[in-house]
Each structure stands twice: as structure tokens, then as C-alpha cells.
Amino acid sequence: MTQPVPNPLATASPTAPAIRPGFFEEAFSGYDVPPKIRVFAEAFCTRFKINGICDPAYCANTAALKLKVGDGCGGFDSDQVPLESEIPKIGDHLLFAYHTCINQTEPATTAEVINDMVRGALNGLSVQQLVPASPAPAQLPN
10 MTQPVPNPLA TASPTAPAIR PGFFEEAFSG YDVPPKIRVF AEAFCTRFKI
60 NGICDPAYCA NTAALKLKVG DGCGGFDSDQ VPLESEIPKI GDHLLFAYHT
110 CINQTEPATT AEVINDMVRG ALNGLSVQQL VPASPAPAQL PN
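Residue numbers (our numbering): 10 to 151.
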């Protein structure tokens, strides 16, 4: 009889994200994602506990497409300057696409919070700087 495989996500806590080791390397394997776009995607997935293997690439492709530095299908142009005026479209898009995960982790999150993460990544912040040390607790309605 085989032993059950431990679930690495079962140990997730506010300070230990629900992302297994090597997850982002696997998710971005075969893609030449611009470093700042990758930082944003990793921070977004970590912060909101989004752990589907295709989700980091989806976030990176969405951001790159809106910023005009990618085709939205895995092609990226690292030489192109991001069109920062398009950042608000990223927050709106990802807030809608990941509403359930975001609502479960940080229900007060707005598109502007996500847009600030994009701006921070484009300005050179690290994943650790973009993910709060302790996410705001979920608030239940009275």
C-alpha cells in the first residue's frame, strides 16, 4: 500500500505562502519573461495565494499585453518600454479574473492595490517588498 503524499499547501499561513518550492521556475519554464513583469506575477500569486501552475504566466501575459511589452501569448519584448498609462487595465482585469482568491485572502483589495503592485514592480521593488508581511485579516459582514 502506498503512503499518502503530504500536501505542501496544507502548511500555508499568513507568513508562509501556499506556493511549493520550485513552483515559479516550473510555471515560467520556457518563457523569457521580463524580470519586472515576473516579479509582479510572482508577488500577485504569492500575495493572493493563487497556485495554479498556469496562473503566474497568465498574470505575466496579462500585464505584458496591457503594458504593450508582450503579445499576451508568451511572447515578450524586453526592449520595449512599458506603457504605464495602461496600468489601470491590469488591476481591473486581474481583480475580475481572480476575484474568488483575492476575496478569500484580502477582501478589501481594489484594482488600485493591484495597480500599485504593478507600479512597484516596474520601479524595481522585489517580490518580498510587494507582498505584505501579514495580510489584512478577512472581515466578515456584521
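All C-beta atoms in this analysis are idealised placements derived from N, C-alpha and C, irrespective of residue type, glycine included. Everything numeric in this text was worked out from a predicted model, so none of it was measured.
With DSSP as the reference, please indicate the residues paired to F85 in a beta bridge. Position 76 of the sequence shown holds residue 85. According to DSSP, F85 bridges with G79.
C-beta contact flag for A50 and P30 at 7 Å: The residue you call residue 50 lines up with position 41 of the sequence shown. The residue you call residue 30 lines up with position 21 of the sequence shown. The answer is no: Cβ separation not under 7 Å.
Look at the alpha carbon of F85 and the alpha carbon of V122, and state the distance between them as a whole number of angstroms. In the sequence shown, residue 85 corresponds to position 76, counting from 1. In the sequence shown, residue 122 corresponds to position 113, counting from 1. Each residue's Cα considered, the two are about 24 Å apart.
Is the Cβ-Cβ distance between V136 and I96 less than 7 Å? One-based indexing of the sequence shown puts residue 136 at position 127. One-based indexing of the sequence shown puts residue 96 at position 87. Taking 7 Å as the Cβ cut-off, V136 and I96 do not qualify as a contacting pair.
Can you tell which of F57, C63, N70 has the C-alpha that lies nearest to the C-alpha of P44? Indexing the sequence shown from 1 puts residue 44 at position 35. Scanning F57, C63, N70 for the CA closest to the CA of P44 turns up N70.
Please state the DSSP three-state secondary structure of E115. Numbered from its first residue, the sequence shown carries residue 115 at position 106. Correct three-state label for E115: coil.
Spatial neighbours of D80 within its chain, please: C-beta separation below 6 Å, excluding the five flanking residues on both sides. Stepping through the sequence shown from its first residue, residue 80 is reached at position 71. Cβ within range, chain order: n/a, list empty.
In whole angstroms, what is the alpha-carbon distance linking T109 and C68? Taking the sequence shown and counting its residues from 1, one reaches residue 109 at position 100. Taking the sequence shown and counting its residues from 1, one reaches residue 68 at position 59. Spanning the alpha carbons of T109 and C68 requires a straight line of approximately 15 Å.
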